[in-house]
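Residue numbers (my numbering), protein chains in the order written: chain A, 1 to 353; chain B, 1001 to 1353. All residues carry an ideal CB built from backbone N, CA and C; glycine is no exception. Have a look at the structure below before the remarks.
Protein chains: 2
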Amino acid sequence: MTQTAPIISVDAMGADNGPSVAVEGISHILTRLPETPARFLVHGDEAQLAPLIAAASPLARERITLQHTDSEVRMTDKPSEAVRRSRGSSMWNALAAVKNGEADVVVSAGNTGALMAISKVVLRMKKGVHRPAISASWPTPRGHTVVLDVGANVECGPKQLVEFAIMGEAFHRAVHGSTHPTVGLLNVGQEELKGNDTVRAADRLIRDAKIDFKYHGFVEGDDISLGLTDVVVTDGFTGNIALKTAEGTVKLVAHWMRESFTSSLTAKIGAFFLNMGGLDHLRAKLDPRSINGGVLLGLNGMVVKSHGGTDGEGFATALGLGIDIAGSHFLTEIEANLERLTRAEEAKSETDS
Amino acid sequence: MTQTAPIISVDAMGADNGPSVAVEGISHILTRLPETPARFLVHGDEAQLAPLIAAASPLARERITLQHTDSEVRMTDKPSEAVRRSRGSSMWNALAAVKNGEADVVVSAGNTGALMAISKVVLRMKKGVHRPAISASWPTPRGHTVVLDVGANVECGPKQLVEFAIMGEAFHRAVHGSTHPTVGLLNVGQEELKGNDTVRAADRLIRDAKIDFKYHGFVEGDDISLGLTDVVVTDGFTGNIALKTAEGTVKLVAHWMRESFTSSLTAKIGAFFLNMGGLDHLRAKLDPRSINGGVLLGLNGMVVKSHGGTDGEGFATALGLGIDIAGSHFLTEIEANLERLTRAEEAKSETDS
């Protein structure tokens, strides 16, 4: 079977720890996925990148095409400034490569606000969507729950939350392979009388729109990790805090585990046997680098946002996610879903008038 | 050394699983704290409670005084209805016992909204505070971080967030024994330009008020479990979702641990040795019942809110928290802090005019 090689456009200058993160990430993902035919279009400063690439594995060298850029977006740049000043930067050019059809997906660890703003300008929004949302795929005992928005939009109206529901549902179908994903709206209580005005209005809008999807209603914070619904919708302020709180909690539990495993001689013996059979798998699950990468939804193009502070292992996870979605049809699924929303709204306004 | 026995006023009808939860909770806490001289004023339906108390341990029977009530607040009651109709209920009478000086602290697992509303009417707010906040003491590697509000106020203005900071700081000093607790404001990014209008305005208000306490500025979700600051301030919507997300994450990790400990024979041998030395301690830390209980702040009286769905073990934790704070001077600390805020505001308006 032949397979078209996905081409990943990499903004190599965005990570807090410098361009080595991107090059190491490529080496790691090629080790993790030895069968992948993926190629990498690496955007950034040639003077810094060329020696890093020269020192990389033979396979990484073969798969990388370096594209020099003179400038880069800094972590402190405001989004509006970044849009005006960053033409020709590694972030801009990485996005332009997807726009021009040279690559399938962008991966960047750069400034989130700037990435959002430049993506909007370069790739443009899908019809019916106001701003991109960032989705995170949260591991649960049942698979993955897609949570959005996790940080792109700190203030969201009810209409935007409905858009997130539509996009998240399409994303779950396309990327996690479910046929009828369930959608929940994050709130402080499951009873309908609880919650703030925005989520209550969004709940009514989703019910009124009569979109043909499985809407569960309100869910609470602990339902995310339980995997109660396949998609959890929230504003970017709450979603970002929920995601980071979960990350911090995982780190805390890992700390307690280490403490408990070294608290006595018998515990150390136990940990020794566990290391032989089963603990590595757990350790990998507890490693925040193993769940790195948020996907920007609502754009005419696929963009993966990596944590800024990640290392090569974490960046590899974001690249792996990019390779995964490159083969999916999530853009067309989102479009189809948005059309269903528009039709539902048109039908409703005809009935109302 | 003689010690005044704290008297805990118990709303025995609030738990989802019925009045046995309260009676079992009292038995458990007396086993956990064999030295405590605490006594319990138990409010509820005598027909249901008398047989449960008769079947309890001799020590529990000796420490319980049953106070019959004819009615109870239901989980579905709206707060405004509850205030009008619940005079004489177990919740109302449990609060009135503190108001009348018969008890030191109330513990209830009942309807949160009703508990807030009835507390306001029965105990009244402290001068300068608009509505009560619920604080949770979050375990961290460094001790405890007090997070508030975790569910009492779903929409908060900047001024309210400043009140939470003031109350949380006083609570941490009084209950967790720190001399100069640090205070952080929960946000999506540590840079000042990030976040929504409310948190940015609250940040300015705290800085402008020049209250003599250690204000750290913005913190992110993962900083809570790290214990970066002693107090984390947020609105009740975000705080409730953060708290429940952390609870769900702990459950998920515990699930993965069980999976890993039974994944192979060597893993099972390891888990066996770990069970002998160290794992119990970890298991207790991962048990959500071991961190049950939020304290309502801003009232002229001490109120502990237990999870509605808890069992006897979890209710015992909430009772233990009640016994802890009964001996603290947090009400006077909060008053002193609120006076500092008022003075700072007066001084500022004099300078401004």
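Chain B has a Cβ within less than 8 Å of the Cβ of A/N196. Closer than 8 Å to the CB of B/H1130 there is not a single CB belonging to chain A.
Look at B/I1008 here: in three-state DSSP terms it is strand. At least 8 Å separates the beta-carbon of B/S1071 from that of B/S1057.
The residues N111, in chain order, have a CB closer than 8 Å to that of A/R74 in the same chain once the five nearest residues on each side in sequence are set aside. In this structure, DSSP gives B/H1180 a state outside helix and strand, which the three-state scheme calls coil. Judged by their CB atoms, A/V129 and A/L338 are nearer to each other than the 8 Å cut-off. Within the region 212-242 of chain A, those residues whose Cβ lies closer than 8 Å to any Cβ of chain B are, in chain order, E220, G221, D222, D223, I224, S225, L226, T234, G236, F237, T238, N240, I241, A242. Using a Cβ-Cβ cut-off of 8 Å, B/P1141 is close to L252, H255 of chain A, given in chain order.
When the beta-carbon positions are compared, A/V233 and A/A284 stay at least 8 Å from each other. For B/A1133, the enclosing beta strand (DSSP E) covers residues 1133-1140.
Positions of the beta strand (DSSP E) runs, each at least 3 residues long and wholly inside the region 199-277 of chain A, are given as 214-219, 231-233 in order along the chain. When DSSP reads this structure, A/I64 sits in a beta bridge with A/F40. A/P132 is classed as buried because its beta carbon has at least 16 other beta carbons within 10 Å across all chains shown. With respect to the C-alpha of B/G1298, the residue from B/Q1048, B/A1117, B/R1200, B/A1344 having the closest C-alpha is B/A1117.
The three-state reading of DSSP puts B/G1314 in helix, counting H, G and I together. Annotation for A/M125: R131, P132, G298, L299, N300 place their beta carbon closer than 8 Å to its own, counting only its chain and skipping 5 residues before and after.
With respect to the 8 Å criterion, B/I1291 and B/P1158 are not classified as neighbours on the basis of their beta carbons.
By the Cβ criterion, the region 240-253 of chain A is not in contact with the region 173-183 of chain A, since fewer than three pairs of Cβ atoms, one from each stretch, lie closer than 8 Å. Under a criterion of Cβ atoms nearer than 7 Å, the residues of chain A adjacent to B/K1244 are, in order, E220, G221, D222.
In chain order, P19 place their CB closer than 6 Å to the CB of A/Q48, counting only its own chain and leaving out the 5 sequence neighbours on each side.
According to the DSSP assignment, A/L95 belongs to the alpha helix (DSSP H) that extends over 90-99.
The contact set of B/G1322 on chain A, defined by CB atoms closer than 9 Å, is empty, because the minimum CB distance reaches about 24 Å. Neighbourhood of B/E1247 in chain A, by CB distance below 9 Å: G221, D222, S225, T249, in chain order. Nearest CB-CB separation between B/L1186 and chain A: below the 8 Å threshold.
Taking the Cα of A/A109 as reference, the smallest distance to any Cα among A/G312, A/E335, A/G308, A/A326 is reached at A/G308.
Residue state for A/G293 is assigned as coil, using DSSP reduced to three classes.
Between the alpha carbons of B/A1114 and B/F1261 lies a gap of roughly 43 Å. Residues H1043, Q1067, T1069 of the same chain have their beta carbon placed closer than 7 Å to that of B/N1093, with the five preceding and five following residues left out of the count. Using a Cβ-Cβ cut-off of 8 Å, B/V1083 does not count as an interface residue toward chain A, since no Cβ of chain A sits closer than that to its own.
Under DSSP, B/K1305 takes part in a beta bridge, and its partners are B/S1108, B/G1294. Under the DSSP assignment, B/T1145 falls in the beta strand (DSSP E) whose first and last residues are 1143-1148. With the criterion set as a beta carbon lying under 8 Å from some beta carbon of chain B, the members of the region 154-166 of chain A are V154, E155, in sequence order. Relative to B/F1213, the option among B/L1341, B/L1041, B/D1016 whose CA is nearest is B/L1341. Taking 8 Å as the CB threshold, A/G314 stays off the interface with chain B.
Per DSSP, B/E1155 lies in no alpha helix (DSSP H) segment and is marked neither H nor E.
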